[in-house]
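In my numbering, the protein residues as written are 62 to 473.
Where is the CB? At the ideal position from N, CA and C, for every residue including glycine.
Below is one structure; the comments refer to it alone.
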Amino acid sequence: MTIERIDVDVTSPGRNFVTAVVTTGDGVVGLGDGTLNGREFAVVSYLRDHVAPTLIGRDESQIESIWQYLYRSPYWRRGPVTMAAVAAIDMALWDIAAKKAGVPLYKLLGGASRTGLLSYAHASGTTIEKLNEAIHGYVEQGFRAVRIQSGVPGLDQIYGVHDSAPGGKYEYEPAGRTETGAAMRPAEETWDTAAYLRHLPSVFAAVREEFGGDLRILHDGHHRMSPIEAARLAKDIEPYAPFWLEDCTPGEDQTALRLVRHHSTTPLAIGEVFNSVHDYQTLITERLIDYVRSSATHAGGITGLRQIMTFAGIYGIRSGFHGPTDVSPVGMAANLHLGLALHNFGIQEYMPHSETTLSVFRTSYRFEDGLLHPGETPGLGVGLDREAASRYEYQPAYLPVNRLRDGSVHDW
Ligand code: KDG
Ligand code: MG
62 MTIERIDVDV TSPGRNFVTA VVTTGDGVVG LGDGTLNGRE FAVVSYLRDH
112 VAPTLIGRDE SQIESIWQYL YRSPYWRRGP VTMAAVAAID MALWDIAAKK
162 AGVPLYKLLG GASRTGLLSY AHASGTTIEK LNEAIHGYVE QGFRAVRIQS
212 GVPGLDQIYG VHDSAPGGKY EYEPAGRTET GAAMRPAEET WDTAAYLRHL
262 PSVFAAVREE FGGDLRILHD GHHRMSPIEA ARLAKDIEPY APFWLEDCTP
312 GEDQTALRLV RHHSTTPLAI GEVFNSVHDY QTLITERLID YVRSSATHAG
362 GITGLRQIMT FAGIYGIRSG FHGPTDVSPV GMAANLHLGL ALHNFGIQEY
412 MPHSETTLSV FRTSYRFEDG LLHPGETPGL GVGLDREAAS RYEYQPAYLP
462 VNRLRDGSVH DW
């Protein structure tokens with residue numbers, strides 16, 4: 062059969078999502094996530110104007126060939142916009158293939174290598190007490206691993222740091238803060254690396270004291286340190302046995318991690334902003350990281366992410382796929398099917414979507430006893446209620462801008 066139609070849906074049930082809806086001549090529909098936080102319409106145009114017209118009439122079962130066609134033929138390769146568009150099509154084609162085979166997608170990817178996927182939650186607090194309260198909430202829900210982010214004395218607002226609402230309910234949206242009015246600009250925050258480096262080891266000490274040695278604790282540096290600052294932090298938190306330190310330096314500077322490795326045995330994770338296996342070449346061959354942070358959505362789909370993990374597997378490097386709310390339920394399902402099948406799975410980030418999001422995207426993945434499972438529904442196992450989706454119009458929203466105290470723009 063062949064691809065008959067490709068629609069690109071934009072909806073904002075709680076946050077913005079871009080979804081490719083691919084329909085075959087025999088009426089099978091596949092979904093793919095192409096959401097690029099804060100740059101959604103760049104992917105929409107890439108898909109609608111430059112990809113969809115070239116795919117109508119092609120055999121939808123030729124997933125690898127179509128991936129290579131979209132990756133190699135346009136001359137301009139890689140980049141977040143291109144690879145999110147490639148991802149959306151790739152996921153939709155895998156969804157169709159598994160639906161046609163009548164099996165959950167992981168069975169086409171080699172079958173289950175494990176019973177479930179160890180997952181980590183996002184806990185944060187403006188103070189250590191509030192952070193510990195949030196961690197207790199997640200431990201009670203069954204999580205065996207948590208990412209800990211904390212307020213820093215002297216800094217007003219830090220990305221990803223919020224207190225739980227009364228009753229322990231904890232939700233935040235990565236791109237929720239846009240100044241309204243004509244400017245429609247991202248919000249701005251002030252950052253001070255020295256204050257952060259002074260404070261963070263005491264946060265790790267307090268969490269270990271409260272929760273003991275079994276809980277896996279992770280931390281995200283959001284690319285804000287220089288190599289020497291990152292080396293110092295990795296060394297200072299090493300006594301508290303972190304599961305990983307994520308994005309300690311700007312991602313594109315692959316050799317920066319040599320210096321961090323030289324000084325510390327803290328495991329390192331990087332890659333949520335990467336989009337191809339080439340972004341990992343030095344990191345993997347020199348064993349500078351322990352975990353791959355890409356998601357299927359931003360790394361060229363299941364086909365692109367599987368390439369990265371095959372390469373990483375040769376060096377004993379495992380997955381830690383990106384799973385914030387800006388990876389849609391469709392992208393999350395793609396991560397889960399691949400993770401269940403991979404031999405070198407490590408951990409899966411799990412930031413649950415809001416009830417509003419889940420009223421539009423109907424998922425069949427489940428979380429039980431600290432583990433995620435993609436479920437047994439044929440395909441990716443996610444349905445899109447397009448009628449409900451059409452009621453949620455796109456809302457401009459951006460991640461905040463990060464500036465140092467002197468006003469200069471700082472890394473993310
Ligand atoms: O769009 C960017 C967010 O998804 C990102 O900032 C979240 O760092 C993040 C994480 O580790 O989930
Ligand atoms: Mg991160």
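In chain order, which alpha helix (DSSP H) runs of at least 4 residues are fully inside the stretch 328-394?
-> 342-346, 362-375
Is any heavy atom of ligand 1 found at a distance shorter than 8 Å from the C-beta of Leu460?
-> yes
Among Ile64, Arg100, Gly377, the one whose alpha carbon lies nearest that of Gln123 = Ile64
Taking 8 Å as the cut-off, is the CB of Gly384 close to at least one heavy atom of ligand 1?
-> yes
Would you say Pro311 and His284 are within 9 Å of each other, going by their C-beta atoms?
-> The Cβ-Cβ distance between Pro311 and His284 falls below 9 Å.
Shortest alpha-carbon distance to Leu419 belongs to which of Arg259, Ala206, Ser73, Tyr459?
-> Ser73
Three-state secondary structure (DSSP) at Gly66?
-> In the sequence as displayed, the identity of residue 66 is Arg instead of Gly. In the structure shown, Arg66 sits in a strand (DSSP, three-state: E or B).
Does the stretch 158-166 touch the stretch 433-443, meaning 3 or more C-beta pairs lie closer than 8 Å?
-> The stretch 433-443 vs the stretch 158-166: in contact.
Span of the alpha helix (DSSP H) around Gln129 | 124-133
For the 8 Å Cβ check, are there 3 or more pairs between the stretch 401-416 and the stretch 91-107?
-> no
What residue range is occupied by the uninterrupted beta strand (DSSP E) comprising Thr251?
-> It spans 249-252 - the beta strand (DSSP E) in which Thr251 sits, taken as one unbroken run.
Any heavy atom of ligand 1 closer than 8 Å to the Cβ of Pro288?
-> Checking every heavy atom of ligand 1 against the Cβ of Pro288, none is found closer than 8 Å.
Candidates Thr358, Ala373, Leu192, Asp297, of which the one nearest Ala395 by Cα = Thr358
Could you check where the beta strand (DSSP E) with Leu445 kicks off and where it finishes?
-> 443-445
What residue does the alpha helix (DSSP H) around Thr418 start on, and which one ends it?
-> Annotation for Thr418: the continuous alpha helix (DSSP H) segment containing it runs 416-421.
Residue range of the unbroken beta strand (DSSP E) whose run includes Thr80 = 78-85
Glu121 versus Met62: straight-line alpha-carbon distance, rounded = 7 Å
Residues near Glu249 in its chain [Cβ-Cβ closer than 7 Å; skip 5 each side] | Pro461, Val462, Arg464
Can the beta-carbon of Thr13 be found closer than 9 Å to that of Glu299?
-> Because the chain in this structure spans residues 62 to 473, residue 13 falls outside the shown range and cannot be described.
Note down the Cα distance separating Ala113 from Gln129, rounded to an integer number of angstroms.
-> 15 Å
With a CB to CB cut of under 8 Å and the five nearest residues on each side skipped, what residues in its chain are close to Val222?
-> If we look at Val222 and ignore the five residues flanking it on each side, its Cβ neighbours are Ser185, Gly186, Thr187, Gln210, Ser211, Gly212.
Under 8 Å from any heavy atom of ligand 2, does the C-beta of His359 make it?
-> No; taking the cut-off as 8 Å, the Cβ of His359 has no heavy atom of ligand 2 nearer than that.
Can you tell me the Cβ-Cβ gap for Leu476 and Val443, rounded? I've got them flagged as a contact below 8 Å.
-> The structure shown does not extend to residue 476, since the chain spans only 62 to 473, so no value can be given for it.
Roughly how many angstroms lie between the CA atoms of His260 and Ala267, to the nearest whole one?
-> Rounded to the nearest angstrom, the two C-alpha atoms are 11 Å apart.
Does any heavy atom of ligand 1 sit closer than 8 Å to the C-beta of Val353?
-> no
Measure from the alpha carbon of Gly362 to the alpha carbon of each residue in Thr346, Ala373, Leu397, Ile331, then state which is nearest.
-> The residue among Thr346, Ala373, Leu397, Ile331 with its C-alpha nearest the C-alpha of Gly362 is Leu397.
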